[in-house]
Amino acid sequence: MTDQAAAATAGSQAAGSFPGAEPPEVLIGYYREMVLIRKFELTADQMYKRAKIGGYCHLNLGEEATVVGLMAALREKDYLFTNYRDHGYALSRGMDPGRVMAELFGKSTGVSKGRGGSMHMFDTQTRLLGGYGIVGGQLPPATGAALALTYRGKPGPDAEAVMCQMGDGTTNIGAFHESLNLAAVWHLPIVYVVVNNRLGMGTTVEAASGEPLLYKRGASYRIPGERVDGNDVVAVREAATAALDRARIDRQPGLLEVMSYRLRGHSVVDPARYRSAAEVEEAQAADPVPAFRAQLLAAGLLTEEQAVLLEDDAAEKVASAVAFAESSPAPTPDELFDFAYATPVANAPRALPGQPAAAREPRL
1 MTDQAAAATA GSQAAGSFPG AEPPEVLIGY YREMVLIRKF ELTADQMYKR
51 AKIGGYCHLN LGEEATVVGL MAALREKDYL FTNYRDHGYA LSRGMDPGRV
101 MAELFGKSTG VSKGRGGSMH MFDTQTRLLG GYGIVGGQLP PATGAALALT
151 YRGKPGPDAE AVMCQMGDGT TNIGAFHESL NLAAVWHLPI VYVVVNNRLG
201 MGTTVEAASG EPLLYKRGAS YRIPGERVDG NDVVAVREAA TAALDRARID
251 RQPGLLEVMS YRLRGHSVVD PARYRSAAEV EEAQAADPVP AFRAQLLAAG
301 LLTEEQAVLL EDDAAEKVAS AVAFAESSPA PTPDELFDFA YATPVANAPR
351 ALPGQPAAAR EPRL
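Numbering (UniProt numbering), first residue to last: 1 to 364.
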């Protein structure tokens, strides 16, 4: 086992767990979500390379168990903030695959009306309050949302909470430390989740962090931290649920480090040449989707025929999502400035470049 592999499993909670008391329909449901995310992301990769998707595109390939486990711990009324690797979270949070794909295509039927693209999923109904393109950009607003919750209601088992997801590289920026400090001082109901894929883009955690065990970073602010195996969907759910319960009941913020190794480069266009052949082979061997499938089959909770039907259903949903996105209209130029402000603002720009001055009068 490599040093990185050892670090990935050190301190993990219930790695490889498969509780016998877990309802079969719940486990099968987790696999269904994981397969949908896998099919969606593989298709997004294809669509990007066909120039159907523009801008940046970051995939959750290899992180499916982490995504589903985290979302299983959230309640419907909880709030979620993520970084730019947000497609899987949007799907698992309950967004329609067609609207998510339409957002990638930049269409007006997308979850952000085509204005956000891959990195900026947003939906108030599912309380996913944004994927954020700037590293760490989600931490201050997520912390602010948690502060707002302290004014809106009292702590308790039914209280709302916030989950703020980020990558390992985010733990080195100022907003990370400022946010954790405020969360501790103000006793905010928030759980910060670091998805550690061992690489901040192409730099290893060990090369960039004086303390590579990132869950320990909360100790400076007396925030409890925990590391969990991101390939174990049940272990991720249990760790996240416990942290969220502490946030709800005790107003104790938490820090969860989830070891989850992405199978591709940082983005679709990244060839990931900074990885050795051994590291790539190791990551592929630990792929959580086929591993969970095999686990369900071995436990007798799923037959091969049922698995194929489930996987075919996911493929059909993604194909329908692509068809919906392709047939959807693009935003028109006259809508360019819509939604720039929540309410009308005097002298806000309304004209396009090249239009006569008379056309530049604000439209209220």
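Ideal placement from N, C-alpha and C gives every residue a C-beta, glycine not left out.
* Counterpart residues of Val-225 in DSSP-defined beta bridges -> Contrary to the premise, residue 225 reads as Gly rather than Val in this sequence. Its beta-bridge partners are Leu-255.
* Buried versus exposed, by CB contacts within 10 Å (16 or more), Ser-179 -> buried
* Helix, strand or coil: how does DSSP classify Met-166 here? -> strand
* Please say whether Val-228 and Val-258 have beta carbons closer to each other than 8 Å? => Contact flag set, yes.
* Asked: Using the C-alpha atoms, what's the distance from Glu-311 back to Tyr-48?
  -> 22 Å
* Determine the closest residue to Arg-50 out of Asp-168, Gly-98, Val-268 and Ala-242, with distance taken between C-alpha atoms. => Val-268
* Asked: With 16 as the cutoff for other CB atoms within 10 Å, does Leu-61 come out buried or exposed?
  -> When all chains shown are included, Leu-61 counts as buried.
* For Asp-245, the nearest candidate out of Ala-73, Pro-349 and Ala-65 (CA to CA) -> Ala-73
* Nearest-angstrom Cα separation, counted from Leu-309 out to Leu-301 -> 14 Å
* Tell me which same chain residues have a C-beta within less than 6 Å of the C-beta of Gly-69, skipping the five on either side of it? -> Val-233, Val-236 and Arg-237
* Residue range of the beta strand (DSSP E) that Gly-130 falls in? -> 128-132
* Counting only runs of 4+ residues fully inside the region 88-137, write out the alpha helix (DSSP H) ranges in chain order. => 97-104
* Please state whether DSSP places Asn-181 in a helix, a strand or coil. => helix
* To do: Verify whether the separation of the beta carbon atoms of Glu-160 and Tyr-79 is less than 8 Å.
  => Contact flag set, yes.
* To do: Can you tell me which of Ala-240, Ala-294 and Ala-323 puts its alpha carbon nearest to the alpha carbon of Ile-190?
  => Ala-240
* Quick one: is Gln-165 buried, meaning 16 or more other Cβ sit within 10 Å of its Cβ, or exposed? -> buried
* To do: With DSSP as the reference, label Asn-60 as helix, strand or coil.
  => If DSSP states are grouped into helix, strand and coil, Asn-60 belongs with coil.
* To do: May I ask you to report which of helix, strand or coil DSSP gives residue 365?
  => A query on residue 365 cannot be resolved here, the shown segment of the chain reaching from 1 to 364 and no further.
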